[in-house]
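Trainee: Just add 10 to the spot in the sequence shown (first one is 1) and you have this note's numbering. Where a beta carbon is used, it is the ideal one built from N, C-alpha and C, also for glycine. Quick caveat, the model's predicted, so the values are computed rather than measured.
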Amino acid sequence: MRIGYIIGNNHVLRVQVQHQLWIGIATKTEIRTESVVPYNAIDINGCGRAPRIRGPFRATSDGKQTEPRPPPQNRHNGRQSAGGVSVSSAGNGSTPGGPRPTFKPVTVLEDLQAVRCAEFHPDGNLYAVGSNTKTLRICAYPKVDDCNAKHKDLGVIMLCCRDDYEPTAPSVLFKRTKHHKGSIYCLAWSPAGDLLATGSNDKTVKLMRFNSSACNLEGQEALSGHSGHVLSLYNWGGAMFVSGGQDKSVRFWDLRTGGCVNIISPPTTKGSAVASLAVDPSGRLLVCGHEDGSSALHDVRGSRSLQRFSPHSSDVRSVRFSPGAYYLLTAGYDGRVVLTDLQGDLTCPLPSVLVARHPDKVISARWHPYDFSFISTSADKTAVLWTIPPV
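1) Going by C-alpha to C-alpha distance, which of K391, R367 and D390 sits closest to F384?
2) Tell whether a beta-carbon distance below 9 Å holds between L241 and V310.
3) Would you decide whether V182 is buried or exposed? Buried here means 16 or more other CB atoms lie within 10 Å of its CB.
4) Using the Cα positions of G73 and C358, report the straight-line distance between them to the nearest angstrom.
5) Contact defined as beta carbons within less than 8 Å: I believe F331 pairs with D290. What is the distance between those atoms, to the nearest angstrom?
6) DSSP has F113 in a bridge; who is on the other side?
7) Give every residue of the same chain whose Cβ lies closer than 7 Å to the Cβ of C225, excluding the five residues on either side of it in the sequence, and list them in chain order.
8) So is S141 buried or exposed if we call it buried at 16+ other beta carbons inside 10 Å?
9) Per DSSP, F331 is paired with what?
10) I'd like to confirm the pairing. Which residues does DSSP put opposite E228 in its beta bridges?
11) Can you check which of these residues, R219, V125 and V116, is closest to A202 by C-alpha distance?
12) Whole angstroms are fine: how far does the CA of L217 sit from the CA of A207?
13) Which of helix, strand or coil does DSSP assign to V394?
14) To the nearest angstrom, report how far apart S237 and H189 are at their CA atoms.
15) Quick one: what's C127 bridged to in DSSP?
16) Residues in its own chain within less than 7 Å of Q123 by CB, not counting five upstream and five downstream?
17) Could you round the C-beta distance between Y337 and T350 to whole angstroms and report it? I think they count as a contact, below 8 Å.
18) How many whole angstroms separate the CB atoms of V118 and V394, which I take to be in contact at a CB cut-off of 8 Å?
19) Mapping DSSP to helix, strand and coil, what is I385?
20) Could you have a look at D156 and say whether DSSP puts it in helix, strand or coil?
21) DSSP three-state label for S6, please.
22) Taking the alpha-carbon of P248 as reference, which of W263, S200 and L295 has the nearest alpha-carbon?
23) Could you round the C-beta distance between L233 and W263 to whole angstroms and report it? I think they count as a contact, below 8 Å.
24) Per DSSP, which residues does Y244 bridge with? Please list them.
25) Work out the CA separation of A341 and S323 for me, nearest whole Å.
26) Could you tell me the distance, in whole angstroms, from the CA atom of L352 to the CA atom of L339?
27) If you drop the 5 nearest sequence neighbours on each side, which residues of the same chain put their C-beta closer than 7 Å to that of P379?
28) How close, in whole Å, do the beta carbons of D325 and G345 come, if the pair is a contact with beta carbons under 8 Å?
29) Excluding sequence positions up to five away, which residues of its chain have a Cβ less than 6 Å from the Cβ of V299?
30) By a C-beta neighbour count over all protein chains shown, 10 Å radius and 16 as the cutoff for buried, is V179 buried or exposed?
31) Here's the rule I'm using: 16 or more other beta-carbon atoms within 10 Å means buried, otherwise exposed. How should G209 be labelled?
32) For S275, count the other beta carbons within 10 Å of its own beta carbon; 16 or more makes it buried, fewer makes it exposed. Which is it?
33) Comparing alpha-carbon positions, which option in L197, T145 and S223 lies nearest R186?
34) Under 8 Å by Cβ, that's how I've got F319 and L364 pegged, so tell me the actual separation to the nearest angstrom.
35) Heavy atom of the ligand ZN less than 8 Å from the Cβ of G235, yes or no?
36) Can you tell me which of the three DSSP states H189 falls into?
What follows is the structure, encoded as structure tokens:
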């Protein structure tokens, strides 16, 4: 187990606590994944990712990894209702040590058409939402007062576990209609939070400056190059944006030059379009989600593929590393949001668990920058903010 700290906005969360959360969540039936090509372990983030005990796996006396016994079936669906739209957590069962950790809906934003994307501002106090109606919104991250008192000093939203809790609508601070000529497919903030990029099926990426004091967007620059829909955007290092398109290409944009500086086409056996992508904090590990239902891990500096796995049964429309890159959050057209443990050999099978459901296709899922929560958007015309109570 790696011990470390994730620090942000006066919040310090021990990685060991996240590991314990993983074990609690992973008491559900696991989703099996399979490595495609066996490569040697590589050093990502300078941490030396060698084979080790990961997630719910345990070691025997001879050092081999074995799986825990399958947990009992969930007795409850954990379904929550908000504004007439039904969303479902992964389960509300119990473990021998107490209640099973379960992500629960906190707020639900409703639109007239599918909500395609949402991204948290780096300070965690805001998030942007884009939809098929071409509407761009910026919403406030909620402050929940009714939380576990002993965890208040951590600054984490701890949703109370009451069965009668009903999600509420978020506070919309900024709204722009007809932001693109087409639907807003993806969003990305710069690390400083002063820039916001959006991608669309009009084949362009738009870049705007964000005025945090007025909560307003100023100026607009259009970047062209993709020959198909811009399906995914990601930013790291301040000056670099990466975009993935329906044309199966990944483009690296340097804001200092205002143009595309690199193009790669991640290998897939079926030549599937790149529907989603993300780069880990070190800039060495790239993950791509594909329309054939697979996710692929790539060593960026080594220019090689590590493995492809399938946590979903259909299009993987969203992939994101957790703030410390210990977990991967994926969302698919199968209506599921899945958590995958990355604490181990990245060339070996990766344990994954289901953490949330929508009644229709899930198009995106994004981690909060420091809370153990995420937001998902769906073809059910909603954007749902989820969080997990303490274990």
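Mentor: In short:
1) Within the sequence shown, residue 384 is the residue found at index 374, counting from 1. F384 has its Cα closest to that of R367, out of K391, R367 and D390.
2) The count along the sequence shown starts at 1 and reaches residue 241 at position 231. The count along the sequence shown starts at 1 and reaches residue 310 at position 300. Result no, Cβ atoms of L241 and V310 do not sit closer than 9 Å.
3) As a working mapping, residue 182 is identified with position 172 in the sequence shown. So V182 ends up on the exposed side.
4) Taking the first residue of the sequence shown as 1, we reach residue 73 at position 63. Taking the first residue of the sequence shown as 1, we reach residue 358 at position 348. Legend: pLDDT at G73 = 35, less than 50; position of this residue unreliable, value from coordinates given subsequently. Each residue's Cα considered, the two are about 16 Å apart.
5) Counting from one through the sequence shown, the residue named residue 331 turns up at place 321. Counting from one through the sequence shown, the residue named residue 290 turns up at place 280. Contact flag correct, Cβ pair sits at about 5 Å.
6) Position 103 of the sequence shown, counted from the first residue, corresponds to residue 113. Note: F113 sits in no beta bridge, so no partner.
7) Here residue 225 refers to the residue found at position 215 when the sequence shown is read from its first residue. Excluding positions up to five away in sequence, the list reads I148, L183 and F184.
8) Counting from 1 along the sequence shown, the entry for residue 141 is found at position 131. Classification for S141: buried.
9) The count along the sequence shown starts at 1 and reaches residue 331 at position 321. Note: F331 sits in a beta bridge opposite L338.
10) As a position in the sequence shown, residue 228 is number 218, starting the count at 1. Looking at the DSSP assignment, E228 forms a beta bridge with R219.
11) Numbered from 1 along the sequence shown, position 192 holds the residue referred to as residue 202. Comparing Cα-Cα distances from A202 to each of R219, V125 and V116, the minimum goes to R219.
12) For the purposes of this step, residue 207 is taken as residue 197 along the sequence shown, with counting starting at 1. For the purposes of this step, residue 217 is taken as residue 207 along the sequence shown, with counting starting at 1. In this structure, the alpha-carbon of A207 lies about 4 Å from that of L217.
13) Numbered from 1 along the sequence shown, position 384 holds the residue referred to as residue 394. Three-state DSSP puts V394 in a strand.
14) Working through the sequence shown from its first residue, we reach residue 237 at position 227. Working through the sequence shown from its first residue, we reach residue 189 at position 179. Within the model, the alpha-carbon separation for S237 versus H189 is close to 20 Å.
15) Taking the first residue of the sequence shown as 1, we reach residue 127 at position 117. Answer is G140.
16) Within the sequence shown, numbered from 1, the residue matching residue 123 stands at position 113. Closer than 7 Å at the Cβ level, and outside the excluded window around Q123, lie S141, N142, T143 and K391.
17) The count along the sequence shown starts at 1 and reaches residue 337 at position 327. The count along the sequence shown starts at 1 and reaches residue 350 at position 340. Contact between Y337 and T350 holds, since their C-beta atoms are separated by about 7 Å, short of 8 Å.
18) For the purposes of this step, residue 118 is taken as residue 108 along the sequence shown, with counting starting at 1. For the purposes of this step, residue 394 is taken as residue 384 along the sequence shown, with counting starting at 1. Contact check for V118 and V394: beta-carbon distance about 5 Å, within the 8 Å limit, so the pair qualifies.
19) As a working mapping, residue 385 is identified with position 375 in the sequence shown. In this structure, DSSP gives I385 an extended state, which the three-state scheme calls strand.
20) Sequence index remark: in the sequence shown, residue 156 carries index 146 (1-based). For D156, the predicted model reports a pLDDT of 39, less than 50, meaning its position is unreliable and no value from the coordinates is stated.
21) Nothing about residue 6 can be read from this structure; the chain reaches only from 11 to 401.
22) By 1-based counting over the sequence shown, the position of residue 248 is 238. Note that residue 248 is Gly in the sequence shown here, rather than Pro. If we check each option's Cα against that of G248, S200 comes out closest.
23) As a first step, residue 233 is located in the sequence shown; it is residue number 223 there, counting from the start. As a first step, residue 263 is located in the sequence shown; it is residue number 253 there, counting from the start. Right, their Cβ atoms sit about 6 Å apart.
24) Taking the sequence shown and counting its residues from 1, one reaches residue 244 at position 234. Answer by DSSP bridge pairing, in chain order: V252.
25) Position 313 of the sequence shown, counting from 1, holds the residue named residue 323. Position 331 of the sequence shown, counting from 1, holds the residue named residue 341. Annotation: S323 to A341 spans about 11 Å, alpha carbon to alpha carbon.
26) By one-based count along the sequence shown, residue 352 stands at place 342. By one-based count along the sequence shown, residue 339 stands at place 329. For L352 and L339, the distance between alpha carbons rounds to 10 Å.
27) As a working note, residue 379 is residue 369 in the sequence shown. G18, F130, P132, G134 and P333.
28) Position 315 of the sequence shown holds residue 325. Position 335 of the sequence shown holds residue 345. No, D325 and G345 are not in contact; Cβ-Cβ is about 11 Å, not under 8 Å.
29) Counting from one through the sequence shown, the residue named residue 299 turns up at place 289. Looking at the sequence provided, one finds Gly at residue 299 rather than Val. Cβ neighbours of G299 beyond the five flanking positions: A285, S286, S305, V326 and V329.
30) The residue labelled residue 179 in the question sits at position 169 within the sequence shown. One detail in the question is off: residue 179 reads as Ala in this sequence, not Val. With fewer than 16 other Cβ atoms within 10 Å, it is exposed.
31) Counted from its first residue, the sequence shown places residue 209 at position 199. It is buried - the Cβ of G209 has at least 16 other Cβ atoms within 10 Å.
32) Stepping through the sequence shown from its first residue, residue 275 is reached at position 265. Its Cβ having fewer than 16 others within 10 Å, S275 is exposed.
33) Taking the sequence shown and counting its residues from 1, the one referred to as residue 186 is at position 176. Closest option to R186, Cα to Cα, is T145.
34) Working through the sequence shown from its first residue, we reach residue 319 at position 309. Working through the sequence shown from its first residue, we reach residue 364 at position 354. About 15 Å separates the two Cβ atoms, so there is no contact after all.
35) Annotation note on the ligand ZN: not contained in the displayed structure, which lists no ligands.
36) Locating residue 189 in the sequence shown gives position 179, where the first residue counts as 1. In this structure, H189 counts as coil in the three-state DSSP scheme.
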